[in-house]
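Under the numbering used here, the first residue of the sequence shown carries the number 31, and numbering increases by one thereafter.
Notes to accompany the following structure.
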Amino acid sequence: MTLSRKVGLRDGLRYKGGGPMLAWILHRISGVGMVLFIGLHVAASFFTQQTGSNLGINLNIVYESIYFQVAIYFFVLFHGLNGMRVIILDLWPRMIEYQRELTWLTWLIFIPVYGLTVFIMVYLKITGA
Numbered sequence: 031m032t033l034s035r036k037v038g039l040r041d042g043l044r045y046k047g048g049g050p051m052l053a054w055i056l057h058r059i060s061g062v063g064m065v066l067f068i069g070l071h072v073a074a075s076f077f078t079q080q081t082g083s084n085l086g087i088n089l090n091i092v093y094e095s096i097y098f099q100v101a102i103y104f105f106v107l108f109h110g111l112n113g114m115r116v117i118i119l120d121l122w123p124r125m126i127e128y129q130r131e132l133t134w135l136t137w138l139i140f141i142p143v144y145g146l147t148v149f150i151m152v153y154l155k156i157t158g159a
């Protein structure tokens, strides 16, 4: 007996996972983003110090831009806070029934901290301080 899965492309691409699934996806994306940042940083240091090429300086310009800094701050802060949520769920299995509430708590902590920090970063970049 086989399962009948008559799902169209539009329905198949529609997201139905809810908040915890979105947190899972963002946790993976933020982890990859941090690995890419570290790799870029190591490559920039290598090319600048070992070969003396302009490639290292150009890579430094990329990861010192405000856009890259805002993105990497998102990755690090979200990954850390969501990791704490996962640790709480691992250490206290009874909390799994409150997983959705813990996800909302993560966002309630993340949004003001991230927003204020990005505001300060952009303000300092604009004013040149």
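Beta carbons are placed, not taken as given, at the ideal position from N, Cα and C, and that holds for glycine.
All values reported here derive from a predicted model rather than from experimental measurement.
Problem set entry | Neighbour-count burial assignment, ASN112, 16 or more Cβ in a 10 Å radius | Locating residue 112 in the sequence shown gives position 82, counting from the first residue. Under this definition ASN112 is a buried residue.
Exercise. Do three or more CB pairs link the segment 90 to 104 to the segment 129 to 136 at distances below 8 Å?
Worked result: Output reads no: the segment 129 to 136 does not touch the segment 90 to 104.
For this session: In the DSSP assignment, find the unbroken alpha helix (DSSP H) run with ALA64 in it and report its ends.
Result: Here residue 64 corresponds to residue number 34 of the sequence shown, with the count starting at 1. Per the sequence shown, residue 64 should be read as Met rather than Ala. In the DSSP assignment, MET64 falls within the alpha helix (DSSP H) that extends over 48 to 76.
For this session: Out of PHE108, LEU70, GLY48, VAL92, state which residue places its alpha-carbon closest to the alpha-carbon of LEU141.
Result: Taking the sequence shown and counting its residues from 1, one reaches residue 141 at position 111. Before going further, note that residue 141 is Ile rather than Leu in the sequence given. Nearest C-alpha to ILE141: PHE108.
Exercise. Would you report the Cα separation of HIS57 and PHE105, rounded to the nearest angstrom?
Worked result: One-based indexing of the sequence shown puts residue 57 at position 27. One-based indexing of the sequence shown puts residue 105 at position 75. Taking the straight line joining both Cα atoms gives about 8 Å.
Problem set entry | Three-state secondary structure (DSSP) of ALA101 | The residue labelled residue 101 in the question sits at position 71 within the sequence shown. Residue state, collapsed to three classes: helix.
For this session: Could you tell me whether the Cβ atoms of ARG115 and THR136 are closer together than 7 Å?
Result: Residue numbering aside, residue 115 sits at position 85 when the sequence shown is read from its first letter. Residue numbering aside, residue 136 sits at position 106 when the sequence shown is read from its first letter. For ARG115 and THR136, yes; Cβs fall inside 7 Å.
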